[in-house]
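Novice: Below: one structure in structure tokens.
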């Protein structure tokens, strides 16, 4: 029984050790790049080793310049001081190269979780760096293992083929996020099948994703700011396709064959949402428009369409059964295609489809023409070369630590001075109040301070003084 208990405790410790295991990062020294090319003179390498059965599944980037994420990319011969892993086999190799030796000292690679690596700027960096070039390369040993890529900054990030997950058994959710002004390029030649795909853009950058096929339960596309999100694939199957834009950014989906149960476009601002498809089909479309943006779903044949539109934005759909909802503002709703919807509701009441008084019935949608003069904007993938870093600044804020107590002391001093000045003014205020509270003599005539020129000044006349009268009093003894 005791032996059985010891075995249980040993098994439990092993399980806990595997759960708490993290990736191990080994940092190399700065060496001369081999071979040396333009703007690529120095390089530094890192090796990420597995601890137990852990692999890299999430990548967070907070660095400038271009970044390439690849599978089994060969960096070439190792420099003399290349890092060597100590525990476990390597799961990722990282190299940062540039034209200045001091540039490579500003970045670090850390393992922030059991399956997450982060490349970021060092917290103790101080100084200004201009006219510098750098390139970051990540080579993964395992293919189709990354399910989360989050990047911050102004640099361009390229996710090459065989990097992202393609099977829901490996990961239930695929997430791509770009924050800043750079561009995230993602290319996948193999079909992607996941339960949920989240594509998010924040800022002024763009996000482009091209793949051979996408099959998912929920596809969420969103942009906030001025950035665009573009999805290109020959075949797209989704139970729910949600697309939202807040600001001036656009969302564009281009799929030759598209099948979705529910499409939910949502616009708040001046951005546009468009779906281009040769054979697009959907059961329901739930459109929300607030602002001047346009929703263009004229190439997707839907059964029922619901519209909630406020503002000058336009909506273009194709429906076979019904179009209902409300529309307020100068915008318009048009249905296109060879099918005419069987029911079109009133634009003020979505429950009213026809009335006896034809003059009071104003349909929410009218027949229109399909006009697609806005192809999805796609940029070319940049080459694997160093990119220019315009400015890299990190200030040392340790000198601001004594500021809060100093500000508090200054506040107390101001309060004390204000109180002293208030106490010094109190006697004068009391005298003024006492003087203004005294009644004016009744025998004085109120005259203006500035005498009138038309009337001559006359001496003041005082009333005659009355002599006191004494009464005689007789006293009898």
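Numbering (full-length UniProt numbering), first residue to last: 1 to 477. Yeah, the Cβ is synthetic: ideal placement off N, Cα and C, and Gly gets one too.
Mind checking whether residue 117 and residue 48 have CB atoms under 8 Å apart?
Specialist: It is a contact, given that the beta carbons lie within the stated cut-off.
Novice: Can you tell me which of the three DSSP states residue 68 falls into?
Specialist: It is a strand residue.
Novice: For the beta strand (DSSP E) containing residue 384, list its first residue and its last residue.
Specialist: From DSSP, residue 384 is part of no beta strand (DSSP E); its letter is neither H nor E.
Novice: Throw me the rounded Cβ distance for the residue 172 and residue 195 pair, which I believe falls under 8 Å.
Specialist: With 8 Å as the limit, residue 172 and residue 195 qualify as a contact, their Cβ atoms being about 5 Å apart.
Novice: Restricting to runs no shorter than 3 residues, where is the beta strand (DSSP E) found entirely within the region 171-232?
Specialist: The qualifying runs are 173-180, 183-188, 192-203, 206-211, 214-225.
Novice: Under a three-way DSSP split, which group does residue 2 fall into?
Specialist: Per-residue confidence for residue 2 stands at a pLDDT of 44, beneath the threshold of 50, marking its modelled position as unreliable; the derived number appears in the next sentence. Here residue 2 sits in helix by DSSP.
Novice: Give the secondary structure of residue 420 by DSSP, where H, G and I count as helix, E and B as strand, and everything else as coil.
Specialist: Residue state, collapsed to three classes: helix.
Novice: Tell me, to the nearest whole angstrom, how far the beta carbon of residue 378 is from that of residue 230; I am working on the premise that it is less than 8 Å.
Specialist: Yes, they are in contact, since the Cβ atoms of residue 378 and residue 230 sit about 6 Å apart, within 8 Å.
Novice: From the DSSP output, in three-state form, read off residue 105 for me.
Specialist: Residue 105: helix per DSSP, three-state reduction.
Novice: Per DSSP, residue 284 forms a beta bridge with which residues?
Specialist: DSSP lists 262, 304 as partners of residue 284.
Novice: Out of 123, 125, 119, 148, point me to the one whose CA is closest to residue 155's CA.
Specialist: The shortest C-alpha separation from residue 155 is found at 119.
Novice: So is residue 380 buried or exposed if we call it buried at 16+ other beta carbons inside 10 Å?
Specialist: It is exposed - the Cβ of residue 380 has fewer than 16 other Cβ atoms within 10 Å.
Novice: If you reduce the DSSP assignment to three classes, tell me which class residue 95 lands in.
Specialist: Correct three-state label for residue 95: strand.
Novice: Determine the direct distance from the alpha carbon of residue 36 to that of residue 519, and round the result to whole angstroms.
Specialist: Summary: the structure shown does not reach residue 519, with the chain confined to residues 1 through 477, and so no result is reported for it.
Novice: Sorted by chain position, which residues of the same chain lie with C-beta nearer than 6 Å to residue 261's C-beta, five sequence neighbours on each side aside?
Specialist: These residues qualify, in order along the chain: 239, 283.
Novice: Since residue 106 and residue 95 are thought to touch, with beta carbons under 8 Å apart, how far apart are those beta carbons, to the nearest angstrom?
Specialist: At roughly 15 Å, the Cβ-Cβ gap does not stay under 8 Å, so residue 106 and residue 95 are not in contact.
Novice: Secondary structure at residue 274, three-state DSSP: helix, strand or coil?
Specialist: Three-state DSSP puts residue 274 in a strand.
Novice: Counting only the same chain and skipping the five closest in sequence on each side, list residues whose C-beta sits under 6 Å from that of residue 363.
Specialist: Excluding sequence neighbours, residue 363 sits near 344.
Novice: Identify, in the order they occur along the chain, each residue of the same chain with its Cβ nearer than 7 Å to the Cβ of residue 153, setting aside the five sequence neighbours on each side.
Specialist: If we look at residue 153 and ignore the five residues flanking it on each side, its Cβ neighbours are 62, 63, 64, 180, 182.
Novice: Per DSSP, which one or two residues make a beta bridge with residue 252?
Specialist: According to DSSP, residue 252 bridges with 230, 274.
Novice: Assign residue 404 to one of three DSSP states: helix, strand, or coil.
Specialist: In the structure shown, residue 404 sits in a helix (DSSP, three-state: H, G or I).
Novice: Are there 16 or more other CB atoms within 10 angstroms of the CB of residue 38, so buried, or fewer, so exposed?
Specialist: Classification of residue 38: exposed, given that the 10 Å Cβ count is below 16.
Novice: Thinking C-beta only, is residue 113 closer than 8 Å to residue 22?
Specialist: In this structure, residue 113 lies closer than 8 Å to residue 22 by Cβ.
Novice: One question on the structure: do residue 159 and residue 192 come within less than 8 Å of each other, judged by their Cβ atoms?
Specialist: Contact: no.
Novice: Candidates 99, 256, 367: which alpha carbon is nearest residue 388's?
Specialist: The option with the nearest alpha carbon to residue 388 is 99.
Novice: Would you identify the three-state DSSP class for residue 132, choosing helix, strand or coil?
Specialist: In this structure, residue 132 counts as strand in the three-state DSSP scheme.
Novice: How far does the beta strand (DSSP E) with residue 321 in it reach, from first residue to last?
Specialist: Looking at the DSSP string, the run of the beta strand (DSSP E) that includes residue 321 is 319-328.
Novice: Are there 16 or more other CB atoms within 10 angstroms of the CB of residue 424, so buried, or fewer, so exposed?
Specialist: The residue is exposed, with fewer than 16 neighbouring Cβ atoms inside 10 Å.
Novice: Using the C-alpha atoms, what's the distance from residue 29 back to residue 143?
Specialist: If you take the alpha carbons of residue 143 and residue 29, they lie about 28 Å apart.
Novice: In or out: residue 267 buried (at least 16 other Cβ within 10 Å) or exposed?
Specialist: Classification for residue 267: buried.
Novice: What are the boundary residues of the beta strand (DSSP E) that includes residue 35?
Specialist: Taken as a continuous stretch (DSSP letters only), the beta strand (DSSP E) holding residue 35 covers 31-37.
Novice: Answer with buried or exposed for residue 302, where buried requires no fewer than 16 other C-beta atoms within 10 angstroms of its C-beta.
Specialist: Residue 302 comes out buried.
Novice: Over what stretch of residues does the beta strand (DSSP E) that includes residue 491 continue unbroken?
Specialist: Residue 491 is absent from the structure shown; the chain starts at 1 and stops at 477.
Novice: If residue 175 sits next to residue 198, beta carbons under 8 Å apart, how far is it from one beta carbon to the other, in whole angstroms?
Specialist: Rounded, the Cβ-Cβ distance is 5 Å, consistent with contact.
Novice: Answer with buried or exposed for residue 408, where buried requires no fewer than 16 other C-beta atoms within 10 angstroms of its C-beta.
Specialist: Residue 408 comes out exposed.
Novice: Compare the beta carbon distance of residue 222 and residue 256 with 8 Å and say whether it is the shorter of the two.
Specialist: No. Outside cutoff.
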